[in-house]
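K.L.:
Input: one structure, supplied below.
There are 2 protein chains.
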Amino acid sequence: MTNIKDLAKMARVSVTTVSRVLNNHPYVSKEKREAVLDAVKSTNYQKNINAVHLSKGKTKLIGVVLPFSDHPYFSLLLKGIAKQALENNYHLVLFQTDYMQNKEIEALEMLQKKQIDGLIICSRTCDLQIIEEYLQFGPIVLSEDVKEINVSSTFVSHYKIFSNALEYLYQRGHRKIGYCIGRSTGANSYNRGLAYKDFHEKYSLSYNSEYIIDKCLYFEDGEKVINQVKLMNIAPSALLVTSDQVAAGIVVSCQKQQISIPDDIAIIGFDNQPIAKMMDITTIEIPLMEMGRNLFLQTINSEISNKEVPVKLIERKTV
Amino acid sequence: MTNIKDLAKMARVSVTTVSRVLNNHPYVSKEKREAVLDAVKSTNYQKNINAVHLSKGKTKLIGVVLPFSDHPYFSLLLKGIAKQALENNYHLVLFQTDYMQNKEIEALEMLQKKQIDGLIICSRTCDLQIIEEYLQFGPIVLSEDVKEINVSSTFVSHYKIFSNALEYLYQRGHRKIGYCIGRSTGANSYNRGLAYKDFHEKYSLSYNSEYIIDKCLYFEDGEKVINQVKLMNIAPSALLVTSDQVAAGIVVSCQKQQISIPDDIAIIGFDNQPIAKMMDITTIEIPLMEMGRNLFLQTINSEISNKEVPVKLIERKTV
């Protein structure tokens, strides 16, 4: 690749002169300027943009940490982030972590090394203390309710959502309620667990740990849930399912096995994805696209802000 | 931000000495080296990685152009690309284009400016001639059968898939066959259209342009398809649906409207996504994860290669 020294040699001028011409500085004679531009033309020279970044300190790249890009929850969040990035002329660097901590650290290190201008963490495994250490290097935005450290965030309250949904089921006569989650670790599941525990204490209901069904992420996991429920001594009468995809899988699996919804088991999904509407699934609407857009805007805004996004119960036919 | 000049001032040495210490060059006295390292420590100085890229010419970033990140086809392809990138210690820069040509050009320009080491184009709107111009700047890999230009690719033959699927339906007595696609422009749809036309000529069947249903991308589009079919004077007896999501939407919509599958209308989906398995949809299996992995490997490999990936018809209950 041609470099600035080659250009200087070809144009018979100094490296400084080439640099001045490339950066549009004054004080270069017309002859020298033309000689340099001729050399640029004949070599198809491309200014290395990393050199530009070096002087300006901006890459126009924002990192996005997410565990899986093919999960409808994260792909909708990513779509919102990407739409806003497009409008603001930024590009996204994707960190698909599969929840491996070292991959999250890599993203944080890219922020430290100025390879990205900011970082959006859609779901994390790192401790907040680790993230706090990297805040000095650039904006980091989280998609959860963070109180421990001073960082921007856009989130829904999973405690409130669970409390309200459990209350709704209780009012409709349900006393044996279970729930399905993607993973048992993580801040969101911690808050859900807390709401579940508080609900059982409030109404003095017996707590059955079997009713907490882990690793439910995709449509096909719905079948697994129903098979697990069938093995229980006392089956739950209702399930909160933290993904409409899994809820849809449950509905299809129940149809196949002649299990009646909501008579045998009631279902509340999450997100209000199109599949929930088409399959008449009662669900909690979470405005993921809007959340994604806001996460992006917080990343390029220097002020710290925390935004709780309201959710809505959509009543359909599975409760 | 601290720069190299500040460090020189603090350590009371020249800029050259600081640079030598930072790059581990010899010929620096022990005292000066320690003075520089103290300054680095006290200012928490971070070497700007763009300066490193400048000297090495590698970013370890690969760009991925795709129209929508939330469509199951592209999100599975992206998952495969991301998995392989993870294994090879690369990161991905996402270009979600919504099929806007200027966004594709931006990605190509980032390759030209060495901001990325290579580019995977999952689906394009740019002419091949435009892409050809950028091949001099770094590897570009396409996910389609390209003969016009010398570029690596991983693809399935949409002509063959359509021919075989139409033949399969013909053998089962279907003479009025329609199909649903995501967009009518684009190389894949061109090849599908060709197969469709050739099939009609081969069997002297009448060709009905109404049977080509455009803009079918998501689950919820299934309902739109059925509503459109109901308005036709003569409805097709079978549909090739180039997305399992749309096929699943069609199945659910037919259930609601008491339309019997396959008796009233037969359906063949595409991809063999989990939803097709759970809903017993006959489909063409396309190994998207494997294709994504190969696209990535081709990008970091300097040799040009073209790989056609075989597909498989999975017979279930919708034909």
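Heads up: the sequence lines are chains A and B, in that order. So the first sequence is numbered by the working numbering: it starts at -8 and just counts up by one. So the second sequence is numbered by the working numbering: it starts at -8 and just counts up by one. Where is the CB? At the ideal position from N, CA and C, for every residue including glycine. These numbers were taken from a predicted model, which means no experiment stands behind them.
Any chance the stretch 184 to 197 of chain B sits against the stretch 155 to 169 of chain B, with 3 or more Cβ pairs inside 8 angstroms?
P.N.:
These segments touch.
K.L.:
List the residues of chain B whose Cβ lies closer than 8 angstroms to the Cβ of alanine 73/A, in chain order.
P.N.:
Against the first sequence, residue 73/A aligns to sequence position 82. The answer, in chain order, is Ser60, Leu85 and Gln87.
K.L.:
Which of the three DSSP states is assigned to isoleucine 241/B in this structure?
P.N.:
Counting from one through the second sequence, the residue named residue 241/B turns up at place 250. Here isoleucine 241/B sits in helix by DSSP.
K.L.:
Reducing DSSP to helix, strand and coil, say where asparagine 224/A ends up.
P.N.:
The count along the first sequence starts at 1 and reaches residue 224/A at position 233. In this structure, asparagine 224/A counts as coil in the three-state DSSP scheme.
K.L.:
Could you spell out the range, first to last residue, of the beta strand (DSSP E) harbouring valine 84/A?
P.N.:
In the first sequence, residue 84/A corresponds to position 93, counting from 1. 82 to 87 is the span of the beta strand (DSSP E), which, as asked, contains valine 84/A.
K.L.:
Run through the DSSP bridge pairs and tell me what threonine 274/B is partnered with.
P.N.:
By one-based count along the second sequence, residue 274/B stands at place 283. Paired residues: Gly260/B and Ile305/B.
K.L.:
So, helix, strand or coil for lysine 138/A, using DSSP?
P.N.:
Looking up residue 138/A in the first sequence gives position 147. Reduced to three states, the DSSP call for lysine 138/A is coil.
K.L.:
Expressed to the nearest angstrom, what Euclidean distance is found between the alpha-carbon atoms of glycine 173/B and leucine 208/B?
P.N.:
By 1-based counting over the second sequence, the position of residue 173/B is 182. By 1-based counting over the second sequence, the position of residue 208/B is 217. Between glycine 173/B and leucine 208/B, the C-alpha separation is close to 5 angstroms.
K.L.:
Taking 8 angstroms as the threshold (C-beta atoms), are threonine 274/B and glycine 283/B in contact?
P.N.:
On the second sequence, residue 283/B is found 292 positions in, with the first residue counted as 1. On the second sequence, residue 274/B is found 283 positions in, with the first residue counted as 1. No, the pair does not count as a contact, with Cβ atoms beyond the cut-off.
K.L.:
What residue range is occupied by the uninterrupted alpha helix (DSSP H) comprising asparagine 345/A?
P.N.:
Any property of residue 345/A remains undetermined from this structure, which presents chain A solely from -8 to 310.
K.L.:
Do valine 220/A and isoleucine 258/A have their C-beta atoms closer together than 8 angstroms?
P.N.:
If you number the first sequence from 1, residue 220/A lands on position 229. If you number the first sequence from 1, residue 258/A lands on position 267. Going by C-beta atoms, valine 220/A is not nearer than 8 angstroms to isoleucine 258/A.
K.L.:
May I have the straight-line CA-CA distance separating asparagine 218/B from glutamate 100/A, to the nearest angstrom?
P.N.:
As a first step, residue 218/B is located in the second sequence; it is residue number 227 there, counting from the start. As a first step, residue 100/A is located in the first sequence; it is residue number 109 there, counting from the start. Going by the C-alpha atoms only, they are around 52 angstroms apart.
K.L.:
Starting from the C-beta of lysine 23/B, find all residues in its chain whose C-beta is less than 8 angstroms away, skip the five residues before and the five after it, and write them out in chain order.
P.N.:
Start at 1 with the first residue of the second sequence, and residue 23/B comes out as number 32. Only Ala2, Val4, Thr8 and Val12 meet the Cβ criterion.
K.L.:
Could you name the residues of the same chain whose beta carbon sits closer than 8 angstroms to that of aspartate 89/B, not counting the 5 residues immediately before and after it, in chain order?
P.N.:
Numbered from its first residue, the second sequence carries residue 89/B at position 98. Same-chain partners within the cutoff: Pro58 and Phe59.
K.L.:
Report the rounded CA-to-CA distance for lysine 138/A versus glutamine 127/A, giving the unit in angstroms.
P.N.:
Along the first sequence, read from residue 1 onward, the residue named residue 138/A stands at position 147. Along the first sequence, read from residue 1 onward, the residue named residue 127/A stands at position 136. So the alpha carbons of these two residues sit roughly 18 angstroms apart.
K.L.:
Less than 8 angstroms between C-beta atoms, sequence neighbours within five positions excluded: which residues of the same chain meet that for tyrosine 18/B?
P.N.:
Translated into positions along the second sequence, residue 18/B becomes position 27. The residues are Arg11.
K.L.:
Where does valine 147/A sit, in a helix, a strand or coil, going by DSSP?
P.N.:
If you number the first sequence from 1, residue 147/A lands on position 156. Reduced to three states, the DSSP call for valine 147/A is coil.
K.L.:
Grab the span of the beta strand (DSSP E) containing glycine 177/A for me, first residue to last.
P.N.:
Counting from 1 along the first sequence, the entry for residue 177/A is found at position 186. No beta strand (DSSP E) contains glycine 177/A, which DSSP labels as neither H nor E.
K.L.:
Assuming glutamate 281/B and glycine 109/B form a contact by the criterion Cβ under 8 angstroms, report the distance between their Cβ atoms to the nearest whole angstrom.
P.N.:
Residue numbering aside, residue 281/B sits at position 290 when the second sequence is read from its first letter. Residue numbering aside, residue 109/B sits at position 118 when the second sequence is read from its first letter. In fact, because the Cβ distance is near 19 angstroms, the residues do not count as touching under 8 angstroms.
K.L.:
Straight-line CA distance for isoleucine 131/A to tyrosine 170/B?
P.N.:
Along the first sequence, one-based indexing puts residue 131/A at 140. Along the second sequence, one-based indexing puts residue 170/B at 179. Spanning the two alpha carbons is a distance of roughly 46 angstroms.
K.L.:
Quick check on this structure: which residue in Asn141/A, Glu158/A, Arg307/A and Ile256/A has the alpha carbon closest to the alpha carbon of isoleucine 295/A?
P.N.:
Start at 1 with the first residue of the first sequence, and residue 295/A comes out as number 304. The option with the nearest alpha carbon to isoleucine 295/A is Asn141/A.
K.L.:
Under a Cβ-count criterion, where at least 16 other Cβ atoms within 10 Å of its own Cβ denotes burial, should methionine 270/A be classed as buried or exposed?
P.N.:
Residue numbering aside, residue 270/A sits at position 279 when the first sequence is read from its first letter. So methionine 270/A counts as buried.
K.L.:
Going by alpha carbons, who is nearest to isoleucine 256/A out of Pro265/A, Asn263/A, Gln246/A and Tyr181/A?
P.N.:
Locating residue 256/A in the first sequence gives position 265, counting from the first residue. With distances taken between Cα atoms, isoleucine 256/A lies closest to Gln246/A.
K.L.:
Could you check what DSSP says for valine 12/B in three-state terms: helix, strand or coil?
P.N.:
In the second sequence, the residue the question calls residue 12/B occupies position 21. The answer is helix: DSSP assigns valine 12/B an H, G or I state.
K.L.:
Are there 16 or more other CB atoms within 10 angstroms of the CB of glutamine 249/B, so buried, or fewer, so exposed?
P.N.:
Along the second sequence, read from residue 1 onward, the residue named residue 249/B stands at position 258. Label assigned to glutamine 249/B: exposed.
K.L.:
What residue range does the alpha helix (DSSP H) around leucine 126/A cover?
P.N.:
The residue you call residue 126/A lines up with position 135 of the first sequence. No alpha helix (DSSP H) holds leucine 126/A; DSSP gives it neither H nor E.
K.L.:
If I'm right that leucine 67/B touches valine 55/B with Cβ under 8 angstroms, what's the distance once you round it to whole angstroms?
P.N.:
What you label residue 67/B is simply residue 76 of the second sequence in a count that begins at 1. What you label residue 55/B is simply residue 64 of the second sequence in a count that begins at 1. Not quite, the Cβ-Cβ distance comes to about 13 angstroms (not below 8 angstroms), so this is no contact.
K.L.:
Within the continuous alpha helix (DSSP H) that includes isoleucine 291/B, where are the two ends?
P.N.:
Residue mapping note: residue 291/B aligns to position 300 of the second sequence, counting from 1. First-last of the alpha helix (DSSP H) with isoleucine 291/B: 279 to 291.
K.L.:
Any idea which residues DSSP pairs asparagine 297/B with across the strands?
P.N.:
For the purposes of this step, residue 297/B is taken as the residue at position 306 of the second sequence. Asparagine 297/B pairs with Ser144/B.
K.L.:
Excluding the 5 residues flanking leucine 52/B on each side, which residues of the same chain have their C-beta closer than 8 angstroms to its C-beta?
P.N.:
Walking along the second sequence from the start, residue 52/B turns up at place 61. Within the same chain, leucine 52/B has close Cβ partners Tyr81, His82, Leu83, Val84, Gln106, Ile107 and Asp108.
K.L.:
I want to verify the contact list: residues of chain A whose CB lies under 9 angstroms from the CB of glutamate 214/B, in sequence order.
P.N.:
Mapped onto the second sequence, residue 214/B falls at position 223. Simply Met269.
K.L.:
Measure from the C-beta of glutamate 192/B to each C-beta in chain A and report whether the shortest distance is under 8 angstroms.
P.N.:
Residue 192/B sits at position 201 when you count from the first residue of the second sequence. Taking Cβ atoms only, chain A never reaches closer than 8 angstroms to glutamate 192/B, which makes this a no.
K.L.:
What residue range is occupied by the uninterrupted alpha helix (DSSP H) comprising valine 31/B?
P.N.:
The residue labelled residue 31/B in the question sits at position 40 within the second sequence. Where valine 31/B is concerned, the enclosing alpha helix (DSSP H) stretches over 21 to 34.
K.L.:
What are the residues in the stretch 117 to 132 of chain A lying within 9 angstroms of chain B by C-beta distance?
P.N.:
If the cut-off is 9 angstroms between Cβ atoms, the stretch 117 to 132 of chain A has Gln127 and Phe128 near chain B.
K.L.:
May I have the straight-line CA-CA distance separating isoleucine 112/B from aspartate 61/A, to the nearest angstrom?
P.N.:
Numbered from 1 along the second sequence, position 121 holds the residue referred to as residue 112/B. Numbered from 1 along the first sequence, position 70 holds the residue referred to as residue 61/A. The straight-line gap from Cα to Cα measures roughly 18 angstroms.
K.L.:
Just curious, the alpha helix (DSSP H) that tyrosine 64/B is in, first and last residue?
P.N.:
What you label residue 64/B is simply residue 73 of the second sequence in a count that begins at 1. 63 to 78 is the span of the alpha helix (DSSP H), which, as asked, contains tyrosine 64/B.
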